[in-house]
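S.K.: Please read through the structure below; I'll follow up with questions.
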Amino acid sequence: MRMIALKRYLLLVTLKILILCTGVLPLQCYQCYINPPPGQYYNTTKNLCVHFDYSEKFIVDCPYSTMCMKQDFSLKILGGVTIEGVLRDCASQKNEYHDFQNGKWFPKMEVLEPYEEGCQEVDDKASNGVQCYKCNPEAVPYDTRPTCQHFDGSSRFLVDCDTSTMCYKRITTLTLANGLTTRNEERGCAQQTLSGDQKKINGKWVPVKDIYEVYTESCQETQNDYQRATKTIDCYCRGDMCNGAMKRNLQFFTLISTVAIYVLVR
10 MRMIALKRYL LLVTLKILIL CTGVLPLQCY QCYINPPPGQ YYNTTKNLCV HFDYSEKFIV
70 DCPYSTMCMK QDFSLKILGG VTIEGVLRDC ASQKNEYHDF QNGKWFPKME VLEPYEEGCQ
130 EVDDKASNGV QCYKCNPEAV PYDTRPTCQH FDGSSRFLVD CDTSTMCYKR ITTLTLANGL
190 TTRNEERGCA QQTLSGDQKK INGKWVPVKD IYEVYTESCQ ETQNDYQRAT KTIDCYCRGD
250 MCNGAMKRNL QFFTLISTVA IYVLVR
């Protein structure tokens, strides 16, 4: 209970800072649950969707959303009976990641825009994932594989990306005061899922992860004005193991350049 109270307090402080800095209130949406949240029960949860009445008790602030969402579900069972349900909430748009600044990795958060305003029918069929190379710029406790510094394109770096249709590679370059540069790489599955969705499957409400196509197959450079010494290139590609091809291409280019120089010198 203390942890829940602390989280609510931190959220309230965040909202107050947002209001003071921007003078703009966060988006407000209706929120109701299909099932009670963990630790609560049907007879104690007040904001279940079956009791939704458009009153203020269902209104919540959405500091990490720019849109509201509503999901209508229907399930046909034997006897021609149709069971229907509705879920309301803030659109799940929060994406957390790590960014390299001043020689260190810092946790970051951004609000993605993966949705278009409107309604659409969503197919529940599972999407086939891809195989990507995965490695971190630095050692992390939960991952025993070698860092990207030891990347060699071998199978020990391969992972199955069940919730991704693309792979990614991030190259971060830091220019030091003496003119030297340091380079770090990160490889993995493209982040294409947002938590919080529920659907009725086989008569039960279960959490699901829909895959969103929010990236284009290309590389894009990012450079902050306040952090000009750090340059980040994010690359997204389709196809198994495509985020390891860039290294092989670089090696091939280096080989061709070496041969060309050798021929010219002779």
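For the sequence shown, this note's numbering gives the first residue as 10, with consecutive numbering after it. All C-beta atoms, glycine included, are put in the ideal place defined by N, C-alpha and C. Nothing here was measured: the structure is a model prediction, and the numbers come from that model.
Nearest-angstrom Cα distance between M118 and S101?
M.R.: Rounded to the nearest angstrom, the two C-alpha atoms are 13 Å apart.
S.K.: Between S64 and C58, what straight-line distance do the alpha-carbon atoms span, to the nearest angstrom?
M.R.: 12 Å
S.K.: Suppose you measure from the CA of G94 to the CA of C246; what does that come to, to the nearest Å?
M.R.: 38 Å
S.K.: What's the C-alpha gap between I180 and T172?
M.R.: 23 Å
S.K.: Is DSSP giving D108 helix, strand or coil here?
M.R.: strand
S.K.: Excluding the 5 residues preceding and the 5 following K218 in the sequence, name in chain order all residues of the same chain whose CB lies nearer than 6 Å to its CB.
M.R.: Residues T172, T202 of the same chain have their beta carbon placed closer than 6 Å to that of K218, with the five preceding and five following residues left out of the count.
S.K.: Cα-Cα, which of D243, Q229, D169, C157 is closest to K178?
M.R.: D243
S.K.: So, under 8 Å CB-CB, C157 and P146 are touching, yes? Tell me the CB distance rounded to an integer number of Å.
M.R.: 6 Å
S.K.: The beta strand (DSSP E) spanning C244 covers which residue range?
M.R.: 239-246
S.K.: What residue does the beta strand (DSSP E) around F115 start on, and which one ends it?
M.R.: 113-120
S.K.: Using the Cβ count rule (16 or more neighbours within 10 Å means buried), how would you classify I92?
M.R.: exposed
S.K.: If you draw a straight line from the C-alpha of G197 to the C-alpha of H60, how long is it?
M.R.: Roughly 43 Å between the two C-alpha positions.
S.K.: Pull up the DSSP beta-bridge partners for D169, would you.
M.R.: Q140
S.K.: Given that a residue counts as buried once 16 or more other Cβ atoms are within 10 Å of its Cβ, and exposed if not, what is V90?
M.R.: exposed
S.K.: Looking at the unbroken beta strand (DSSP E) that takes in Y39, where does it start and where does it end?
M.R.: 36-39
S.K.: Start and end of the beta strand (DSSP E) containing Q229?
M.R.: 228-231
S.K.: When you compare only the Cα positions, how much space is there between P46 and E226?
M.R.: 38 Å
S.K.: Does the count of Cβ pairs from the region 67-80 and the region 33-42 closer than 8 Å reach three?
M.R.: yes
S.K.: Can you give me the start and stop residues for the beta strand (DSSP E) that N193 sits inside?
M.R.: 190-198
S.K.: Going by DSSP, which residues form a beta bridge with I180?
M.R.: Paired residue(s): E194, I242.
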